[in-house]
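Protein chains in written order, with this note's numbering: chain A, 5 to 359; chain B, 4 to 103.
Step one of this worksheet: look at the structure below.
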Amino acid sequence: MDLHCELLLEEYDAQLPVIERLEKVVKATLKDALDRNGIQVTAVKTRIKTRDSLAGKLALKGSKYHTLSDITDILGARVITFYTDDVDRLAAMAEKLFDIDWENSVDKRRLHDTDSFGYNSLHYICRLPKTVIDDPDLNAIRFELQLRTTLQHAWASINHDIGYKTGVEIPRDYLRRINRLAGILEMADDEFSRIRSEITDYRRRVQQLVQNGQLSEVQLDGDTFRSYLRARPFEALNRRIAALNQAEIQEVPLDNYLGVFIALGCKTLGDIDQLKKKCEEDAYTLARHQLGNTDLDIIASSIGIQNICIVWILTQGGGKIGLTRLFNALNGENEQNSLLADMTYEQALGLAFMR
Amino acid sequence: MTTEIKENGNQLIAVFNGRLDTAAAVQAAEDVKPLLEAQNKEIILECEALDYISSSGLRIFLGIRKEAAAHGSKVIVRNINSNIRQVFVMTGFISLFEIE
Chain A
5 MDLHCELLLE
15 EYDAQLPVIE
25 RLEKVVKATL
35 KDALDRNGIQ
45 VTAVKTRIKT
55 RDSLAGKLAL
65 KGSKYHTLSD
75 ITDILGARVI
85 TFYTDDVDRL
95 AAMAEKLFDI
105 DWENSVDKRR
115 LHDTDSFGYN
125 SLHYICRLPK
135 TVIDDPDLNA
145 IRFELQLRTT
155 LQHAWASINH
165 DIGYKTGVEI
175 PRDYLRRINR
185 LAGILEMADD
195 EFSRIRSEIT
205 DYRRRVQQLV
215 QNGQLSEVQL
225 DGDTFRSYLR
235 ARPFEALNRR
245 IAALNQAEIQ
255 EVPLDNYLGV
265 FIALGCKTLG
275 DIDQLKKKCE
285 EDAYTLARHQ
295 LGNTDLDIIA
305 SSIGIQNICI
315 VWILTQGGGK
325 IGLTRLFNAL
335 NGENEQNSLL
345 ADMTYEQALG
355 LAFMR
Chain B
4 MTTEIKENGN
14 QLIAVFNGRL
24 DTAAAVQAAE
34 DVKPLLEAQN
44 KEIILECEAL
54 DYISSSGLRI
64 FLGIRKEAAA
74 HGSKVIVRNI
84 NSNIRQVFVM
94 TGFISLFEIE
């Protein structure tokens with residue numbers, strides 16, 4: 005190694021404590037911005053180039069660099085996203101957060117010809133502006149920010165591993181196969197993004213149908229059931245029941261009723277709504293019969309939906325077996341459920357809907 | 004009314020004995036405090052000798068459940084009698100607890 009490179013390594017040793025401080029600030033700044041913008045990512049990583057790695061780089065092309073500040077990747081930060089669209093969102097975020105050295109930044113996604121595939125990643129060379137931290141030492145150092153998807157990261161990591169491990173020039177056929185995989189992963193990335201967009205659109209459409217009351221057009225599944233519950237369809241019944249004893253209503257999740265409604269034969273949200281309309285009054289009567297003579301002043305928000313299911317099962321002739329199945333679905337299978345079913349059945353026997 | 008807390012491996016067992024009514028709830032709430040900070044435990048509410056539960060008692064059970072969920076613990080209500088079972092169904096609490 006020549007004297008020039010040795011001087012650069014000495015400069016590296018002297019700068020290292022500042023670079024370590026910079027690393028912490030950059031990582032914290034990125035994480036904070038991701039939280040504020042509500043962007044979920046796979047990982048935020050930073051690394052400082054080791055002395056050995058820098059020495060290797062200088063041995064290869066040391067004459068290219070006049071001072072240490074000419075080397076822009078001594079500190080590297082990498083954010084790995086789930087979706088390809090998020091790389092662009094993150095780019096916009098980084099442009100606001102950092103001062104970008106546009107001359108040295110490169111979008112490697114755009115470098116490929118129409119008929120070539122390979123490394124895809126967005127590289128920004130950045131500085132911390134004074135708006136983030138007013139510290140001349142930190143503001144002066146450039147660092148590299150890489151933005152890529154999880155699949156791009158997987159390809160780059162494996163490609164790097166293969167390239168380094170073999171230690172010999174890789175035959176054309178293997179290179180072609182590796183690059184072919186980059187093309188497949190690019191398609192997969194696009195497909196994941198499209199799926200996310202379409203699911204978001206689907207949820208919006210369902211929400212709209214729920215708001216418009218067009219429930220019979222909405223197929224029943226986990227997503228649509230949650231949308232339905234967001235409209236709080238059982239709240240009025242719960243309030244009526246709570247009013248019996250001026251009870252407090254304890255909010256509880258109702259998602260576990262999806263399986264119950266499917267087992268009861270509901271195929272659309274409209275089916276649930278019909279069932280609710282048919283049974284609501286009797287569900288209230290059942291609650292009044294049960295709670296009216298007690299001083300219980302706390303109920304769970306599942307009471308309305310639970311009593312609707314009980315009434316439906318009993319009016320459809322499901323009897324004790326049907327109720328046991330209901331409690332099994334809600335409470336997990338155990339011996340107590342048949343006792344609960346017996347007791348609920350006995351309580352309901354005297355009520356008008358049982359005739 | 005008494006409440007005794009026992010430890011058995013990864014389980015914390017609260018043994019309730021008597022009537023958990025409004026009058027007894029203040030002391031019971033104090034007695035179950037060790038359960039509220041339990042991390043990653045199986046909390047058993049043993050009710051074989053519990054004769055009665057009021058709204059105040061349900062609130063204590065609910066408080067244990069909330070803290071357990073926050074601390075990665077799980078709550079199982081065990082051996083409730085038919086009156087208490089009835090209370091759990093009437094209030095909708097049946098879907099809140101695992102009952103054995």
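All C-beta atoms in this analysis are idealised placements derived from N, C-alpha and C, irrespective of residue type, glycine included.
Any C-beta of chain A under 8 Å from that of residue i
{"i": "residue 5/B", "result": "no"}
{"i": "residue 61/B", "result": "yes"}
Any chain B beta carbon closer than 8 Å to residue i
{"i": "residue 301/A", "result": "yes"}
{"i": "residue 307/A", "result": "yes"}
{"i": "residue 310/A", "result": "yes"}
{"i": "residue 295/A", "result": "yes"}
First and last residue of the uninterrupted alpha helix (DSSP H) at residue i
{"i": "residue 174/A", "result": "Taken as a continuous stretch (DSSP letters only), residue 174/A belongs to no alpha helix (DSSP H), as it is neither H nor E."}
{"i": "residue 64/B", "result": "58-73"}
{"i": "residue 128/A", "result": "Per DSSP, residue 128/A belongs to no alpha helix (DSSP H); it is in the beta strand (DSSP E), 126-131."}
{"i": "residue 268/A", "result": "Taken as a continuous stretch (DSSP letters only), residue 268/A belongs to no alpha helix (DSSP H), as it is neither H nor E."}
{"i": "residue 247/A", "result": "239-248"}
{"i": "residue 19/A", "result": "7-41"}
{"i": "residue 351/A", "result": "340-352"}
{"i": "residue 77/B", "result": "Where residue 77/B is concerned, there is no enclosing alpha helix (DSSP H), although the beta strand (DSSP E) it sits in stretches over 77-81."}
{"i": "residue 310/A", "result": "307-319"}
{"i": "residue 137/A", "result": "Taken as a continuous stretch (DSSP letters only), residue 137/A belongs to no alpha helix (DSSP H), as it is neither H nor E."}
{"i": "residue 335/A", "result": "323-335"}
{"i": "residue 56/A", "result": "55-65"}
Continuous beta strand (DSSP E) stretch holding residue i: start and end
{"i": "residue 300/A", "result": "First-last for residue 300/A: undefined, no H or E at that position."}
{"i": "residue 147/A", "result": "147-153"}
{"i": "residue 52/A", "result": "45-52"}
{"i": "residue 11/B", "result": "5-11"}
{"i": "residue 44/B", "result": "Per DSSP, residue 44/B belongs to no beta strand (DSSP E) and is neither H nor E."}
{"i": "residue 92/B", "result": "Looking at the DSSP string, residue 92/B is not in any beta strand (DSSP E); the run it does join, the alpha helix (DSSP H), is 85-94."}
{"i": "residue 18/B", "result": "14-23"}
{"i": "residue 253/A", "result": "252-254"}
Closer than 7 Å: residue i CB and nearest the ligand ADP heavy atom
{"i": "residue 81/B", "result": "In the structure shown, the ligand ADP is absent, as is every other ligand, since no ligand is present at all."}
Residues that residue i contacts on chain B, provided the C-beta gap is smaller than 8 Å
{"i": "residue 336/A", "result": "101"}
{"i": "residue 348/A", "result": "92"}
{"i": "residue 250/A", "result": "Under the 8 Å cutoff, chain B gives no residues; its nearest Cβ is about 11 Å from residue 250/A."}
{"i": "residue 340/A", "result": "83, 88, 102 and 103"}
Partners in chain B for residue i, counting only beta-carbon separations shorter than 9 Å
{"i": "residue 260/A", "result": "98"}
{"i": "residue 344/A", "result": "88, 89, 91, 92, 97 and 102"}
Interface residues of chain A facing residue i [CB-CB closer than 7 Å]
{"i": "residue 65/B", "result": "254"}
Cross-chain neighbours of residue i in chain B, by beta carbon under 7 Å
{"i": "residue 304/A", "result": "94, 95, 96, 98 and 99"}
>> Residues of the stretch 77-99 of chain B in Cβ contact with chain A at a cutoff of 7 Å, in chain order, please.
In response: 85, 88, 89, 90, 92, 93, 94, 95, 96, 97, 98 and 99
> Fully enclosed by the stretch 67-105 of chain A, which beta strand (DSSP E) runs are 3 residues long or longer?
Replying inline: 79-85
> Mind listing which residues of the stretch 316-336 of chain A have their C-beta closer than 9 Å to chain B's C-betas, in chain order?
Replying inline: 331, 334, 335 and 336
> Just by C-beta distance, which residues in the stretch 133-164 of chain A are closer than 8 Å to chain B?
Replying inline: none
>> I'd like the ranges of any beta strand (DSSP E) spanning at least 3 consecutive residues and lying wholly in the stretch 192-241 of chain A.
In response: none
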